[in-house]
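What follows is one structure encoded as structure tokens, with my remarks underneath.
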């Protein structure tokens, strides 16, 4: 299973369905890893995504499909979507659910 560290200490995982996401969520809870978000990828709000993606400067966010400062996004939600697309390409599926957790 591939993951992407979106910010230092925060990892993003994508899943093709609810039940596979739920298994990993339960494992995170069992191992005492704080789960920040675990639901449909379309349910992430801008105010949440701001905390889970890297900012390039004050009003722009990282494009995970490109190098660090190339073509930054205006919204954190777009930045998170670019990270999800990177994982979808690596995993070989179209994800419907995401899990964002703290990594220690």
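Numbering (our numbering), first residue to last: 145 to 248. The beta-carbon is built from N, C-alpha and C at its ideal position, and this holds for glycine as well.
Which word fits residue i, buried or exposed, when buried means at least 16 other C-beta atoms lie within 10 angstroms of its C-beta?
| i | result |
| --- | --- |
| residue 174 | exposed |
| residue 181 | buried |
| residue 163 | exposed |
| residue 145 | exposed |
| residue 203 | exposed |
| residue 191 | exposed |
| residue 169 | buried |
Looking only at its own chain, which residues have a Cβ that is under 7 Å from the Cβ of residue i, when we skip the five neighbours before and after it?
| i | result |
| --- | --- |
| residue 151 | 196, 197 and 198 |
Would you report the Cα separation of residue i and residue j, rounded to the nearest angstrom?
| i | j | result |
| --- | --- | --- |
| residue 159 | residue 206 | 22 Å |
| residue 222 | residue 185 | 12 Å |
| residue 178 | residue 171 | 11 Å |
On a CA-only basis, which of the options is nearest residue i? Give me that one, please.
| i | options | result |
| --- | --- | --- |
| residue 225 | 153, 145 and 157 | 157 |
| residue 161 | 247, 239 and 243 | 239 |
| residue 242 | 153, 219, 188 and 170 | 188 |
Counting only the same chain and skipping the five closest in sequence on each side, list residues whose C-beta sits under 6 Å from that of residue i.
| i | result |
| --- | --- |
| residue 194 | 220 |
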